[in-house]
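Heads up, the thing below is written out as structure tokens.
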Amino acid sequence: MKKLSNLFDNNRSWSDRIHEQDPEFFPTLASQQAPEYLWIGCSDSRVPANEIVDLLPGELFVHRNVSNIVVHTDMNCLSVLQYAVEVLKVKHVMVVGHYGCGGVRAALQEQPHGLIDNWLRNIRDVYFQHRELVGPWQDTPAQVDMMCELNAVQQAYNVCNTTIVQDAWKRGQDLSVHGWVYSLENGRLTDLEFCADSGTSAESELNQAIARVESTRNNA
149 MKKLSNLFDN NRSWSDRIHE QDPEFFPTLA SQQAPEYLWI GCSDSRVPAN
199 EIVDLLPGEL FVHRNVSNIV VHTDMNCLSV LQYAVEVLKV KHVMVVGHYG
249 CGGVRAALQE QPHGLIDNWL RNIRDVYFQH RELVGPWQDT PAQVDMMCEL
299 NAVQQAYNVC NTTIVQDAWK RGQDLSVHGW VYSLENGRLT DLEFCADSGT
349 SAESELNQAI ARVESTRNNA
């Protein structure tokens, strides 16, 4: 049985390097975490949250799942969101999709993929909401990327509609929800212009973000 000793070697090298750079890093990290941000992103191994925004451990709270989906029946995601908002008091929640997402593409293909189809049905729902904008599904890269944007925006809107975020806003808590997308090809984030900071702004932010997606694609 393989012990994956190479990963332990990598760990020792990494911890030694960090300790050499900052001897107080690990003691400080062990005593507290006070991130201002919650990142809800895709499980794709090419989308490492901390590295993308150049933040250290302890500076970014992270939840990842296939295709960065936020649904009101996912106790895992909602538990992370509740802890981030009510205990850590994060100020920003970012839902971050990425172009070329395999989950988005799989969701709109006709062939079955097994258990995951139940999860990906949420993305099909997003497609049917915006079918007139996206057009008949032909599995083109442009359509996939448009759906990646629309999915990120819709999931950010879903975050706004959770009781967790709604209650935080009613308390007057300083909290904003954002929709972003990441490019694997150049390593850059794009702001999809969804930024809600109150229960009354989410709907208008959704409409604005969808209009941006439409405008960007029409001008492409």
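In our numbering, the protein residues as written are 149 to 368.
Glycine included, C-beta positions come from ideal geometry on N, C-alpha and C.
- V301 is not a Cβ neighbour of M242, given a cutoff of 9 angstroms.
- Taking the Cα positions, V313 is about 16 angstroms away from L354.
- Per DSSP, reduced to three states, the secondary structure at H278 is coil, with no helix or strand assignment.
- Taking C-beta separations shorter than 6 angstroms and ignoring five residues to either side along the sequence, D265 has no partners in its chain.
- Of the candidates G347, F342, R212 and E297, G347 places its Cα closest to the Cα of D315.
- If you look at W162, you'll find it in the alpha helix (DSSP H) that goes S153 to Q169.
- Looking at the DSSP output, N213 bridges to C190.
- In the DSSP assignment, Y247 falls outside any alpha helix (DSSP H), carrying neither H nor E.
- Distance check between V329 and each of G251, H261, E297 and S153 places E297 closest, using alpha-carbon atoms only.
- Comparing alpha-carbon positions, the option among L256, I358 and E234 lying closest to R319 turns out to be E234.
- The DSSP-derived three-state label of E341 is strand.
- G250 and W267 have their alpha carbons spaced roughly 13 angstroms apart.
- Looking at E333, C308, G335 and G327, the one whose alpha-carbon comes closest to that of H220 is C308.
- Put simply, of L256, L203 and D202 the residue whose alpha carbon is nearest the alpha carbon of V292 is L256.
- Between the alpha carbons of C225 and N366 lies a distance of about 34 angstroms.
- When the five nearest sequence neighbours on each side are left out, the beta carbons in the same chain lying within less than 7 angstroms of the beta carbon of R194 are those of L332, in order along the chain.
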